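Numbering (my numbering), first residue to last: 21 to 336.
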(Lines of atoms letter the chains of each structure in order from A; the text may use other names.)
(Lines give C-alpha, C1' and ligand atoms only; values in the text may rest on other atoms or scores of the structure.)
Protein backbone atom coordinates (compact mmCIF):
# COMPACT_ATOMS: atom_id res chain seq x y z
CA UNK A 21 0.00 0.00 0.00
CA UNK A 22 1.38 3.40 -0.95
CA UNK A 23 2.10 6.06 1.65
CA UNK A 24 -0.19 8.54 -0.08
CA UNK A 25 -3.15 6.25 0.41
CA UNK A 26 -2.91 6.36 4.18
CA UNK A 27 -2.10 10.09 4.55
CA UNK A 28 -5.25 12.14 5.27
CA UNK A 29 -5.86 15.30 3.22
CA UNK A 30 -4.01 18.38 4.45
CA UNK A 31 -7.24 20.11 5.48
CA UNK A 32 -8.55 17.07 7.42
CA UNK A 33 -5.53 15.96 9.42
CA UNK A 34 -6.40 14.50 12.79
CA UNK A 35 -5.57 16.81 15.68
CA UNK A 36 -4.05 15.37 18.82
CA UNK A 37 -5.99 15.40 22.10
CA UNK A 38 -3.58 18.03 23.40
CA UNK A 39 -4.27 20.32 20.42
CA UNK A 40 -8.03 19.92 20.86
CA UNK A 41 -7.78 20.67 24.58
CA UNK A 42 -5.67 23.77 23.92
CA UNK A 43 -8.20 24.93 21.34
CA UNK A 44 -11.08 24.52 23.81
CA UNK A 45 -9.25 26.49 26.47
CA UNK A 46 -8.41 29.18 23.93
CA UNK A 47 -12.12 29.63 23.20
CA UNK A 48 -12.86 29.68 26.94
CA UNK A 49 -10.40 32.54 27.52
CA UNK A 50 -11.58 34.36 24.40
CA UNK A 51 -15.26 34.01 25.36
CA UNK A 52 -15.43 37.14 27.59
CA UNK A 53 -13.98 39.30 24.81
CA UNK A 54 -16.24 37.72 22.16
CA UNK A 55 -19.34 38.23 24.32
CA UNK A 56 -18.30 41.81 25.13
CA UNK A 57 -17.63 42.57 21.47
CA UNK A 58 -20.99 41.20 20.33
CA UNK A 59 -22.94 42.85 23.16
CA UNK A 60 -21.23 46.24 23.37
CA UNK A 61 -19.75 46.85 19.92
CA UNK A 62 -21.14 44.72 17.09
CA UNK A 63 -24.69 44.74 18.50
CA UNK A 64 -24.90 48.53 19.01
CA UNK A 65 -23.36 49.10 15.57
CA UNK A 66 -26.04 47.00 13.90
CA UNK A 67 -28.73 48.75 15.96
CA UNK A 68 -27.41 52.21 15.05
CA UNK A 69 -27.30 51.23 11.37
CA UNK A 70 -31.00 50.37 11.58
CA UNK A 71 -31.84 53.49 13.60
CA UNK A 72 -30.10 55.66 11.01
CA UNK A 73 -32.86 54.64 8.60
CA UNK A 74 -35.63 55.64 11.01
CA UNK A 75 -37.13 58.56 12.87
CA UNK A 76 -36.72 57.73 16.55
CA UNK A 77 -37.10 59.95 19.61
CA UNK A 78 -36.76 57.27 22.35
CA UNK A 79 -40.34 57.90 23.47
CA UNK A 80 -42.13 56.55 20.39
CA UNK A 81 -41.28 53.41 18.41
CA UNK A 82 -38.88 53.89 15.47
CA UNK A 83 -40.56 54.79 12.19
CA UNK A 84 -38.83 53.75 8.98
CA UNK A 85 -37.70 56.79 6.99
CA UNK A 86 -35.39 55.31 4.39
CA UNK A 87 -32.45 57.55 3.48
CA UNK A 88 -34.07 60.76 4.73
CA UNK A 89 -31.56 61.19 7.54
CA UNK A 90 -28.63 60.85 5.14
CA UNK A 91 -30.20 63.34 2.73
CA UNK A 92 -30.59 65.77 5.61
CA UNK A 93 -26.91 65.28 6.49
CA UNK A 94 -25.90 66.52 3.05
CA UNK A 95 -27.90 69.75 3.37
CA UNK A 96 -27.78 70.60 7.10
CA UNK A 97 -25.53 73.67 7.60
CA UNK A 98 -24.96 72.80 11.27
CA UNK A 99 -23.48 69.43 10.28
CA UNK A 100 -21.21 71.07 7.70
CA UNK A 101 -20.11 73.71 10.21
CA UNK A 102 -19.32 71.20 12.97
CA UNK A 103 -17.49 68.94 10.53
CA UNK A 104 -15.51 71.93 9.29
CA UNK A 105 -14.51 72.82 12.87
CA UNK A 106 -13.40 69.24 13.47
CA UNK A 107 -11.34 69.04 10.28
CA UNK A 108 -9.79 72.47 11.00
CA UNK A 109 -8.79 71.34 14.49
CA UNK A 110 -7.40 68.03 13.20
CA UNK A 111 -5.34 69.64 10.44
CA UNK A 112 -3.73 72.05 12.92
CA UNK A 113 -3.45 69.86 16.00
CA UNK A 114 -2.06 66.61 14.59
CA UNK A 115 1.07 68.02 12.84
CA UNK A 116 1.75 70.45 15.70
CA UNK A 117 1.41 67.72 18.33
CA UNK A 118 3.66 65.35 16.40
CA UNK A 119 6.40 67.94 15.82
CA UNK A 120 6.42 69.07 19.47
CA UNK A 121 6.37 65.46 20.69
CA UNK A 122 9.32 64.56 18.47
CA UNK A 123 11.24 67.60 19.70
CA UNK A 124 10.61 66.67 23.33
CA UNK A 125 11.54 63.06 22.65
CA UNK A 126 14.85 64.16 21.09
CA UNK A 127 15.58 66.24 24.19
CA UNK A 128 14.70 63.36 26.51
CA UNK A 129 16.93 61.06 24.47
CA UNK A 130 19.90 63.27 25.43
CA UNK A 131 19.05 63.78 29.11
CA UNK A 132 20.88 60.74 30.42
CA UNK A 133 20.28 59.56 33.97
CA UNK A 134 17.40 62.01 34.52
CA UNK A 135 15.49 60.52 31.61
CA UNK A 136 13.25 58.37 33.81
CA UNK A 137 12.17 61.35 35.90
CA UNK A 138 11.33 63.58 32.94
CA UNK A 139 9.62 60.69 31.15
CA UNK A 140 7.28 60.37 34.12
CA UNK A 141 6.71 64.13 34.26
CA UNK A 142 5.75 64.29 30.58
CA UNK A 143 3.42 61.30 30.86
CA UNK A 144 1.57 62.37 34.03
CA UNK A 145 -0.79 64.79 32.19
CA UNK A 146 -2.04 61.86 30.11
CA UNK A 147 -3.41 60.32 33.31
CA UNK A 148 -5.45 63.45 34.12
CA UNK A 149 -9.19 62.87 33.55
CA UNK A 150 -10.48 64.67 30.47
CA UNK A 151 -13.16 66.52 32.48
CA UNK A 152 -10.51 67.83 34.87
CA UNK A 153 -8.42 69.01 31.90
CA UNK A 154 -11.42 70.93 30.54
CA UNK A 155 -12.04 72.64 33.89
CA UNK A 156 -8.33 73.37 34.35
CA UNK A 157 -8.00 75.11 31.00
CA UNK A 158 -11.26 76.96 31.50
CA UNK A 159 -9.53 78.58 34.49
CA UNK A 160 -6.26 79.11 32.63
CA UNK A 161 -7.91 80.62 29.54
CA UNK A 162 -10.52 82.69 31.35
CA UNK A 163 -10.74 86.10 29.69
CA UNK A 164 -11.07 88.12 32.90
CA UNK A 165 -8.70 86.53 35.39
CA UNK A 166 -7.15 83.52 33.65
CA UNK A 167 -3.54 82.72 34.51
CA UNK A 168 -2.43 82.94 30.87
CA UNK A 169 -3.85 86.44 30.42
CA UNK A 170 -2.32 87.46 33.75
CA UNK A 171 1.04 86.27 32.52
CA UNK A 172 0.62 88.20 29.27
CA UNK A 173 -0.37 91.30 31.23
CA UNK A 174 2.80 90.96 33.28
CA UNK A 175 4.75 91.13 30.01
CA UNK A 176 2.83 94.21 28.91
CA UNK A 177 0.73 92.29 26.37
CA UNK A 178 -3.02 92.69 26.27
CA UNK A 179 -4.85 89.50 27.16
CA UNK A 180 -6.80 87.57 24.57
CA UNK A 181 -10.46 86.54 24.67
CA UNK A 182 -9.72 82.82 24.55
CA UNK A 183 -13.20 81.69 25.57
CA UNK A 184 -15.41 84.46 24.19
CA UNK A 185 -13.95 85.58 20.87
CA UNK A 186 -14.83 83.07 18.08
CA UNK A 187 -11.49 83.84 16.41
CA UNK A 188 -9.56 82.64 19.50
CA UNK A 189 -11.74 79.75 20.65
CA UNK A 190 -10.10 77.21 18.33
CA UNK A 191 -6.50 78.31 19.11
CA UNK A 192 -7.37 77.98 22.79
CA UNK A 193 -8.68 74.45 22.24
CA UNK A 194 -5.53 73.50 20.32
CA UNK A 195 -3.40 74.92 23.13
CA UNK A 196 -5.37 72.82 25.61
CA UNK A 197 -4.94 69.66 23.53
CA UNK A 198 -1.15 69.99 23.70
CA UNK A 199 -1.39 69.27 27.44
CA UNK A 200 -1.52 65.52 26.81
CA UNK A 201 1.43 64.94 24.48
CA UNK A 202 3.03 62.48 26.87
CA UNK A 203 1.95 59.26 25.19
CA UNK A 204 3.24 60.40 21.79
CA UNK A 205 6.50 61.57 23.38
CA UNK A 206 7.04 58.17 25.00
CA UNK A 207 6.36 56.35 21.71
CA UNK A 208 8.91 58.52 19.89
CA UNK A 209 11.44 58.13 22.70
CA UNK A 210 11.16 54.34 22.52
CA UNK A 211 11.64 54.48 18.75
CA UNK A 212 14.69 56.72 19.08
CA UNK A 213 16.28 54.37 21.58
CA UNK A 214 15.94 51.49 19.11
CA UNK A 215 17.85 53.23 16.32
CA UNK A 216 21.19 51.36 15.93
CA UNK A 217 24.14 53.50 16.97
CA UNK A 218 26.32 52.09 14.19
CA UNK A 219 24.13 53.85 11.62
CA UNK A 220 24.96 57.22 13.16
CA UNK A 221 28.63 56.29 13.31
CA UNK A 222 28.64 55.24 9.66
CA UNK A 223 26.89 58.46 8.64
CA UNK A 224 29.37 60.56 10.67
CA UNK A 225 32.30 58.78 9.00
CA UNK A 226 30.77 59.63 5.62
CA UNK A 227 30.75 63.29 6.64
CA UNK A 228 27.04 63.69 7.39
CA UNK A 229 26.20 66.57 9.70
CA UNK A 230 23.60 66.63 12.46
CA UNK A 231 20.72 67.57 10.12
CA UNK A 232 21.75 64.98 7.52
CA UNK A 233 21.90 62.26 10.19
CA UNK A 234 18.48 63.27 11.47
CA UNK A 235 16.98 63.32 7.98
CA UNK A 236 18.57 60.21 6.53
CA UNK A 237 18.97 58.03 9.63
CA UNK A 238 16.65 59.09 12.44
CA UNK A 239 13.48 59.85 10.48
CA UNK A 240 13.53 56.67 8.34
CA UNK A 241 14.27 54.48 11.37
CA UNK A 242 11.41 55.94 13.45
CA UNK A 243 9.00 56.31 10.51
CA UNK A 244 6.93 53.38 11.80
CA UNK A 245 6.29 55.18 15.09
CA UNK A 246 5.53 58.43 13.23
CA UNK A 247 3.02 56.66 11.01
CA UNK A 248 1.35 54.99 14.00
CA UNK A 249 0.95 58.26 15.90
CA UNK A 250 -0.32 59.98 12.75
CA UNK A 251 -3.14 57.47 12.39
CA UNK A 252 -4.01 57.32 16.09
CA UNK A 253 -3.90 61.09 16.66
CA UNK A 254 -5.99 61.73 13.54
CA UNK A 255 -8.69 59.33 14.72
CA UNK A 256 -8.66 60.84 18.22
CA UNK A 257 -8.83 64.41 16.89
CA UNK A 258 -11.82 63.63 14.67
CA UNK A 259 -13.61 62.33 17.79
CA UNK A 260 -12.73 65.27 20.06
CA UNK A 261 -15.48 65.70 22.65
CA UNK A 262 -14.98 65.57 26.41
CA UNK A 263 -12.59 68.46 27.08
CA UNK A 264 -14.36 70.88 24.74
CA UNK A 265 -17.82 69.93 25.98
CA UNK A 266 -16.69 70.44 29.57
CA UNK A 267 -15.24 73.87 28.81
CA UNK A 268 -17.94 75.37 26.62
CA UNK A 269 -21.14 73.36 26.96
CA UNK A 270 -21.07 71.73 30.38
CA UNK A 271 -20.24 74.84 32.42
CA UNK A 272 -22.85 77.44 33.28
CA UNK A 273 -20.26 80.20 33.45
CA UNK A 274 -19.44 79.87 29.75
CA UNK A 275 -22.89 79.03 28.40
CA UNK A 276 -24.16 82.01 26.45
CA UNK A 277 -20.89 83.96 26.85
CA UNK A 278 -19.41 82.94 23.49
CA UNK A 279 -20.39 81.95 19.98
CA UNK A 280 -21.12 78.24 20.40
CA UNK A 281 -20.62 77.66 16.68
CA UNK A 282 -16.87 78.20 17.08
CA UNK A 283 -16.51 75.31 19.55
CA UNK A 284 -19.13 72.92 18.17
CA UNK A 285 -17.21 69.84 17.06
CA UNK A 286 -18.86 67.09 15.07
CA UNK A 287 -19.19 64.67 18.00
CA UNK A 288 -20.58 67.47 20.20
CA UNK A 289 -23.24 68.21 17.59
CA UNK A 290 -23.97 64.47 17.36
CA UNK A 291 -24.37 64.33 21.14
CA UNK A 292 -26.74 67.30 21.11
CA UNK A 293 -28.88 65.80 18.36
CA UNK A 294 -29.11 62.49 20.22
CA UNK A 295 -29.53 63.48 23.87
CA UNK A 296 -30.76 67.07 23.81
CA UNK A 297 -33.12 67.00 20.84
CA UNK A 298 -33.75 63.22 20.92
CA UNK A 299 -33.14 62.88 17.18
CA UNK A 300 -31.69 59.40 17.60
CA UNK A 301 -32.15 58.39 13.98
CA UNK A 302 -30.40 61.48 12.67
CA UNK A 303 -27.63 61.14 15.27
CA UNK A 304 -27.09 57.52 14.20
CA UNK A 305 -26.71 58.67 10.61
CA UNK A 306 -24.17 61.25 11.79
CA UNK A 307 -22.24 58.52 13.60
CA UNK A 308 -22.06 56.38 10.47
CA UNK A 309 -20.93 59.34 8.40
CA UNK A 310 -18.09 59.94 10.87
CA UNK A 311 -17.22 56.22 10.74
CA UNK A 312 -16.96 56.35 6.94
CA UNK A 313 -14.87 59.54 7.04
CA UNK A 314 -12.42 58.06 9.57
CA UNK A 315 -12.25 54.80 7.60
CA UNK A 316 -11.47 56.60 4.32
CA UNK A 317 -8.85 58.86 5.91
CA UNK A 318 -7.19 55.88 7.59
CA UNK A 319 -7.13 53.90 4.32
CA UNK A 320 -5.50 56.85 2.54
CA UNK A 321 -2.94 57.16 5.34
CA UNK A 322 -2.15 53.44 5.19
CA UNK A 323 -1.81 53.56 1.41
CA UNK A 324 0.54 56.53 1.53
CA UNK A 325 2.33 55.21 4.61
CA UNK A 326 3.39 52.05 2.77
CA UNK A 327 5.50 54.25 0.48
CA UNK A 328 7.34 56.16 3.18
CA UNK A 329 7.48 53.93 6.25
CA UNK A 330 10.68 51.96 6.75
CA UNK A 331 10.42 48.69 8.61
CA UNK A 332 13.33 46.84 10.17
CA UNK A 333 13.04 43.91 7.79
CA UNK A 334 13.01 46.07 4.66
CA UNK A 335 15.95 45.91 2.32
CA UNK A 336 18.00 49.11 2.14
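All residues carry an ideal CB built from backbone N, CA and C; glycine is no exception. Computed from a prediction, not measured in an experiment: that's the story for all the values here.
If you draw a straight line from the Cα of residue 247 to the Cα of residue 256, it is about 14 Å long.
In this structure, DSSP gives residue 133 a state outside helix and strand, which the three-state scheme calls coil.
For residue 42, the uninterrupted alpha helix (DSSP H) run begins and ends at 37-57, by DSSP. Our two residues, residue 324 and residue 317, have alpha carbons roughly 11 Å apart in a direct line.
DSSP lists 75 as the beta-bridge partner residues of residue 83. Taking the Cα of residue 150 as reference, the smallest distance to any Cα among 331, 260, 220 and 69 is reached at 260.
DSSP places residue 260 outside both helix and strand once states are collapsed to three, so it counts as coil.
For a cut-off of 8 Å, the C-beta gap from residue 143 to residue 206 is around 6 Å, short enough to register as a contact. Scanning 180, 170, 281 and 251 for the CA closest to the CA of residue 118 turns up 251. In the three-state reduction of the DSSP assignment, residue 186 falls in the helix class, which pools H, G and I. Taking the CA atoms as reference points, residue 82 sits about 15 Å from residue 64.
In the DSSP assignment, residue 162 falls outside any alpha helix (DSSP H), carrying neither H nor E. Burial of residue 211 is indicated by the presence of at least 16 other C-beta atoms within 10 angstroms of its C-beta.
Judged by their CB atoms, residue 77 and residue 300 are nearer to each other than the 8 Å cut-off.
Note that the region 107-123 touches the region 186-195; at least 3 beta-carbon pairs, one per stretch, sit closer than 8 Å. Using a Cβ distance threshold of 8 Å, residue 102 and residue 308 do not count as a contacting pair. Between residue 223 and residue 233, the C-beta gap is smaller than 8 Å, which places the two residues in contact. With contacts defined by Cβ atoms closer than 8 Å, residue 269 and residue 288 form a contacting pair. In the structure shown, residue 330 falls within a coil segment according to DSSP collapsed to helix, strand and coil. In the three-state reduction of the DSSP assignment, residue 175 falls in the coil class.
Inclusion of residue 159 and residue 166 in the CB contact set at 8 Å is warranted, their separation being smaller than that value. Under the three-state reduction of DSSP output, residue 104 falls in the helix class.
Pairing residue 241 with residue 109 gives a Cβ-Cβ distance that is not under 8 Å. Residues of the same chain with a CB within less than 7 Å of the CB of residue 85, apart from the 5 flanking positions on each side, are 73, 74, 75 and 301 in chain order.
For residue 149, the three-state secondary structure derived from DSSP is coil. Rounded to whole angstroms, residue 218 and residue 226 show a C-alpha spacing of 12 Å.
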